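Residues 787 to 1375, numbered by this note's numbering, are exactly what the sequence shown covers, in order.
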Amino acid sequence: MEAWIVIGLLVVAVVAFATEKISVDLVTLGMLCALVLTGILRVDQAFSGFGDRVIILLAAIFVIGAALRETGVLDTLGSMLAACLGGRPLWLMAALMAVVAGVSAFMNNTTVTAVFVGPVIGLARKVRVPPSRLLMPLAFASILGGTCTLIGTSTNVAVSGAMTKLGMTPLEMFEFTKIGIVCVAAGILYMAFIGGRLVPERDSATDKESDMMRQYLAEVVILANSPLIGQKAFESDFSALEFQVLRIRRNGVTFDAEPHERFVEGDVVLVAGKVENLIKVKKIEGIDILEDAVLRNSGVKMRDAQVAEVVLTPRSSYVGRSMRESHFRQRTGLSVMALMRGDASLMHHMADEELQAGDLLLLQGPAERFKAFEEAGEMVVISQHQFSAETRRKGFVLLGAFVTAVAVSSIWPEWIPETIAFVLVALMAVFLRCIKLETAYGNIDWRLLILIGGMMAFGEAMRGSGAADMIAESITGWMGPFGVFGVFAGFCLLTVILTQPMSNAAAALVVLPVALEAAAALEASQRAFAIGIMLSASVSVLTPFEPSCILVYGPGKYRFSDFIKVGGGLTLVMLAVVLIMVPMFWPLK
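Following this line, the structure appears as structure tokens:
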């Protein structure tokens, strides 16, 4: 009976993780409570995962990554890359992927993508390459780089911790680096000769629809005595500003703009236009950005305000809520001038449009407000950051300490364990004032830590209740005719499939206990199965659901199908590398 209860909870968890109607941390805590109330786990067993060294290790890595971002070290690397490479797109993409993968091998891939988005867009403009050609390879490289070391991604750390809980020897820092390097190299070759040719060049499109997609959508209000009053929608001064008139809101009623529709005072016009032209609107008599007009009427001083493009991160508290519902302006102190969302148009009044991860916003407000909300992980400013020489110097000192900690903890783990080494570097980041303590706490992904700690306990419940045995026997029965390799390949493929609706760490932790039971039944290498599942969870780029891919989705003007077309082939190549190389270094029998 206990086994069926655990299997039922597993199904509920997978559905909940996939739909994301309820936050993953709440789902995890709810499952732990259910396991305790049904007597499957004791209280100390249910929450033992939160005291695991893995949780502390990941928290320290989050802080170090945020500190390196705050000090501008990664921006410097991007600038150096731009200076060293000319306008050869193929070499530029390959070099970019190599650099990003190397950095991502020691940092969270979402953080790496976030800090490189701005510099890469600037680099693309410098060498006159469409940003879409570089942003997707950037995201893929940050994900593949995580396969190179134990701390390259939270999935690796989580699997190592789960292996320890199950009585196995934890993974070493560079134990699977050789496979990771092959994954990165294969990824670069694939993108250089196949994937790169499939990446769309949205910025160079000439058709009307594609041109619309690369423009911001803004709401412009027609003021009293405006020369636009009485002009026809498609023959108005908006054409001189290179705007496309899409819809008009008049007296609370919104309708599509018709060619012969004439403007009247008070009309709110939804237009599509480039950033530079939207900013010009602020200086033209008779029209104004709607948000600016609202702010001026409320007495807000706009003289010292700055304008910047930002992309909403998957962690942003504004995702899934409209600007009106979340009180965006009041909470952030920033006004939304315009919005761009990949290839999609607005369906509602801008204030009522539900925001999505990857949305590009053109914001206006004080510089300190941009900084505060970027530090909080709510958004990424797509512009060149300015850092003082002293701040950058501290950043390189911190980078040196981080590299030293990796080397020392790998060579002499008995002298200074990796967890202690990284905690010391995180403390150093705070004491050197590379990052504020509040910012450090704000950059720790607490939801992920709760997910990992809880899923470790859930793995113990699957094992102790016999649920893992039941599922393992079923999968072994299906794949058994193909031998041990067939079962191994089946679990790796299952992990890749589950990473589409679930987070990588969740997928790996769900499959791991089942796969280890199957390996034990087949008298196969449990370590080989564990490493295969871990790597399979980290190489799936079939859809843009991975946070790194979401961060480039808006800035690259991509469509969902672009990731299936480009990432699908890359995922198959990566899966083939895992299936071939893992048995070579860790024989299945």
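All residues carry an ideal CB built from backbone N, CA and C; glycine is no exception. Since the model is a prediction, treat every value here as computed from it, not as a measurement.
- When the beta-carbon positions are compared, Ala978 and Leu876 come within less than 7 Å of each other.
- With contacts defined by Cβ atoms closer than 7 Å, Ser1196 and Thr941 do not form a contacting pair.
- The count of Cβ pairs closer than 8 Å, one atom from the stretch 1184-1193 and one from the stretch 799-813, stays below three, leaving the stretches out of contact.
- Annotation: Gln1116 to Ile980 spans about 47 Å, alpha carbon to alpha carbon.
- Comparing alpha-carbon positions, the option among Ser1121, Asp830, Gly966 and Leu1295 lying closest to Phe1371 turns out to be Gly966.
- Inter-residue distance for Met787 and Asn1290 is about 29 Å (C-alpha atoms, whole angstroms).
- Per DSSP, the continuous alpha helix (DSSP H) segment holding Met1241 begins and ends at Trp1232 to Ser1251.
- Annotation: the continuous beta strand (DSSP E) that includes Gln1030 extends over Gln1030 to Arg1036.
- Under DSSP, the beta-bridge partners assigned to Lys1018 are Arg1048.
- Here Cys819 is exposed. Its C-beta has fewer than 16 other C-beta atoms within 10 Å.
- Annotation: Ser918 to Asp1348 spans about 11 Å, alpha carbon to alpha carbon.
- Taking C-beta atoms as the reference points, Asn1011 and Thr939 fail to come closer than 7 Å.
- Counting along the chain, Gln1142 sits inside no alpha helix (DSSP H), nor does DSSP assign it H or E at all.
- For Gly1245, the number of other beta carbons within 10 angstroms of its own is at least 16, and it is reported as buried.
- When secondary structure is reduced to three states using DSSP, Ala1010 falls in the coil class, being assigned neither helix nor strand.
- Around the beta carbon of Gly794, a 10 Å sphere encloses fewer than 16 other beta carbons of the protein chains shown; the residue is thus reported as exposed.
- With contact defined as three or more Cβ pairs closer than 8 Å, the stretch 1252-1262 and the stretch 834-848 are not in contact.
- DSSP, reduced to helix, strand and coil, places Gln1286 outside both helices and strands of the structure shown, so it counts as coil.
- For the pair Val1031 and Phe1024, the CB atoms are nearer than the 7 Å cut-off.
- Using a Cβ-Cβ distance cut-off of 8 Å, the stretch 816-836 and the stretch 1261-1271 are not in contact, since fewer than three pairs of beta carbons, one from each stretch, lie closer than that value.
- Distance from the CA of Ala884 to the CA of Met1241, rounded to the nearest whole angstrom, comes to 33 Å.
- Distance between Asn1229 and Arg855, taken at the CA atoms: about 11 Å.
- For Leu936, the closest of Phe962, Arg1110, Thr950 and Gly1106 by C-alpha to C-alpha distance is Phe962.
- Among the bridge pairs identified by DSSP, Leu1003 is matched with Ala1058 and Leu1125.
- Around the CB of Ile1075, 16 or more other CB atoms lie within 10 Å, so the residue is classed as buried.
- Annotation for Thr1357: the continuous alpha helix (DSSP H) segment containing it runs Phe1346 to Phe1371.
- Phe1277 is positioned such that its CB atom lies no closer than 7 Å to that of Ile1317.
- DSSP, read as helix, strand or coil, puts Gly858 in coil.
- Between Ala1304 and Val1273, the CB-CB gap stays under 7 Å.
- The alpha carbon of Leu882 has as its nearest neighbour, out of Phe892, Val903, Ile1283 and Asp1231, the alpha carbon of Val903.
- Taking each of Met922, Phe926 and Cys969 in turn and checking the Cα distance to Cys934, the smallest one comes out for Cys969.
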